[in-house]
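Worksheet: the structure to be examined is printed underneath.
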Amino acid sequence: MWKASGVQLALFCLSVGDIRAEALFELAFGSQPDSVQSNRVLTAANPLQGVALGAIDGLNYELQVQPGRIDVLVSKTQGDGLDADILGGTFECPPVLDTMISVVERLKSEVLQYFRVSLVETLKLPVAEY
Numbered sequence: 001m002w003k004a005s006g007v008q009l010a011l012f013c014l015s016v017g018d019i020r021a022e023a024l025f026e027l028a029f030g031s032q033p034d035s036v037q038s039n040r041v042l043t044a045a046n047p048l049q050g051v052a053l054g055a056i057d058g059l060n061y062e063l064q065v066q067p068g069r070i071d072v073l074v075s076k077t078q079g080d081g082l083d084a085d086i087l088g089g090t091f092e093c094p095p096v097l098d099t100m101i102s103v104v105e106r107l108k109s110e111v112l113q114y115f116r117v118s119l120v121e122t123l124k125l126p127v128a129e130y
C-alpha cells in the first residue's frame, strides 16, 4: 500500500499582509505552535515572513508565511520508530488530506485573497525486487 513521506499544501496569495505564522497556525490547527520564527521582508505588501512548527498526533506540521504564499508541510515526527526500512518515516495519507481540506476552510476566513491552492504528496510503495 502507498504511504506518504511528505505532504505540502500551498496557498498562493495576492498578499499575506502582516499575517503572522503563529496566528495562522492556531487558526489552522486549533493549538499553539511549539516554535515560531519571524523575519522582516523588505516589501511593503508583505512586511513579515515566518514559520510556525508543531507536532500533532505523531506528525510535524510546519506553516510558512512568505511573500505571495502560505505553505503547510507535513512530515513524520522523528524518534518514533524510524529506521532504515524503505517505509521508515511514512504515514497514512487519507487522514492528512482531510486535515488539509479543513486547513484550507479555516484559513479561507483569514486569507481571503488566495487565488490558487496546490497540494503535493510524496508517496512510497514497497516492491519485492529492484
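Start counting the sequence shown at 1; every next residue gets the next number (the numbering used here). All residues carry an ideal CB built from backbone N, CA and C; glycine is no exception.
Suppose the cutoff is 8 Å on Cβ atoms and the five residues either side in sequence are ignored; what does the same chain contact list for residue i look like?
i	result
ALA55	ASP34, TYR61, THR77
GLY50	ARG20, ALA21, GLU22, VAL36, GLN37, SER38, ASN39, GLN64, VAL65
PHE12	GLY68, ARG69, TYR114, PHE115, ARG116, VAL117, SER118
When you compare each of the options to residue i by their alpha carbons, which one comes out closest?
i	options	result
TRP2	GLU105, PHE91, LEU63, LEU59	PHE91
ALA28	PRO94, ALA128, VAL120, ILE70	ILE70
PRO94	LYS108, GLU121, SER109, GLU26	GLU121
GLU26	ALA10, ASP18, ASP57, LEU53	LEU53
Let me check one thing: in DSSP terms, what residues is residue i bridge-paired to?
i	result
THR36	Correcting the residue identity first, residue 36 is Val in this sequence and not Thr. For VAL36, which the question treats as bridged, DSSP gives the partners ALA52.
ILE101	DSSP, once it has assigned bridges, lists no residue as partnering ILE101.
GLY6	THR122
ARG116	PHE12
LEU73	GLN8, GLU62
Exposed or buried, which one is residue i when buried takes at least 16 other CB atoms within 10 Å?
i	result
ALA84	Reliability fails at ALA84, whose pLDDT of 47 lies under 50, so the model's placement of it is uncertain and the value that follows must be treated cautiously. By the neighbour-count rule (16 or more Cβ atoms within 10 Å), ALA84 is not buried but exposed.
VAL7	buried
GLU22	buried
Using C-beta distances below 6 Å, list every residue in its chain close to residue i, excluding the 5 sequence neighbours before and after it, in chain order.
i	result
LEU24	LEU63
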